[in-house]
Amino acid sequence: DTAVSQTPKYLVTQMGNDKSIKCEQNLGHDTMYWYKQDSKKFLKIMFSYNNKELIINETVPNRFSPKSPDKAHLNLHINSLELGDSAVYFCASSQRGRQGRQAFFGQGTRLTVV
Amino acid sequence: GEDVEQSLFLSVREGDSSVINCTYTDSSSTYLYWYKQEPGAGLQLLTYIFSNMDMKQDQRLTVLLNKKDKHLSLRIADTQTGDSAIYFCAEIREDSSYKLIFGSGTRLLVRP
Chain A
1 DTAVSQTPKY
11 LVTQMGNDKS
21 IKCEQNLGHD
31 TMYWYKQDSK
41 KFLKIMFSYN
51 NKELIINETV
61 PNRFSPKSPD
71 KAHLNLHINS
81 LELGDSAVYF
91 CASSQRGRQG
101 RQAFFGQGTR
111 LTVV
Chain B
115 GEDVEQSLFL
125 SVREGDSSVI
135 NCTYTDSSST
145 YLYWYKQEPG
155 AGLQLLTYIF
165 SNMDMKQDQR
175 LTVLLNKKDK
185 HLSLRIADTQ
195 TGDSAIYFCA
205 EIREDSSYKL
215 IFGSGTRLLV
225 RP
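Protein chains in written order, with our numbering: chain A, 1 to 114; chain B, 115 to 226.
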């Protein structure tokens, strides 16, 4: 019944490894996002997909590659992980409705690079 | 720039009112939002306001919007210890990017 679900919830890995985070939404929304929250709790958008098409690609190292196989899924693959990649990554989805475009968030994936 | 600004910290006593302020940037934003983040959890949408409104009340929550000054506030009446969390205001770009831009978050601490 979870609207936006991410896996895994926790990820601890060594520098230089490649890892993926998966996100699925069952709300039928047309837009999905990846946000990064740093240790000071600042939230920055990384990517946004609308109907499987990339529409936002903020200044993010090209080691980060999103993939949207369908409207309900947006995965994030990270190559050659660095210490500075340690953060909480949130997936979200949205759809324009009568209350504007509200975004619903997953519970986050806490990535720790050691 | 794209900065949405909030004060970083607020401490209140249980039962008092809390007021969290936010200054946003895009005068064309049609909706503005308040999100709550409890420790170790994701962001939960608390309330929103449409840009043609000055005020919206939802139980203990009151949102005030001053479009001229691009100022948004969230008032929590009768604040409870369970309200302790980080509160984010957010504005949405109504262009094709659908970008939701967040403030820096205000950490609310409710003292018993």
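All residues carry an ideal CB built from backbone N, CA and C; glycine is no exception.
Partners in chain A for F216/B, counting only beta-carbon separations shorter than 7 Å: L43
9 Å Cβ cut-off: residues of chain A touching T193/B: The premise fails here: T193/B is roughly 20 Å from chain A at the closest Cβ pair, so nothing lies under 9 Å.
Beta-carbon spacing of R221/B, I200/B below 8 Å: yes
Proximal residues to T13/A (C-beta, below 8 Å), its chain only, five neighbours per side dropped: K19, L81, L111, T112, V113, V114
Interface partners of R63/A on chain B, CB under 9 Å: What R63/A touches in chain B: nothing, since even the nearest Cβ is about 22 Å away.
Alpha carbon of M167/B to alpha carbon of I190/B, nearest angstrom: 19 Å
Candidates L124/B, Y145/B, M169/B, T176/B: closest to R96/A by CA position: Y145/B
Cβ pair count under 8 Å reaching 3, the stretch 63-79 of chain A against the stretch 124-132 of chain B: no
Local conformation of L214/B per DSSP, three classes: strand
Chain B contact for N57/A (CB, 8 Å cutoff): no
Inter-residue spacing [alpha-carbon to alpha-carbon] between K181/B and I206/B: 15 Å
C-beta contact flag for Q158/B and C136/B at 8 Å: no
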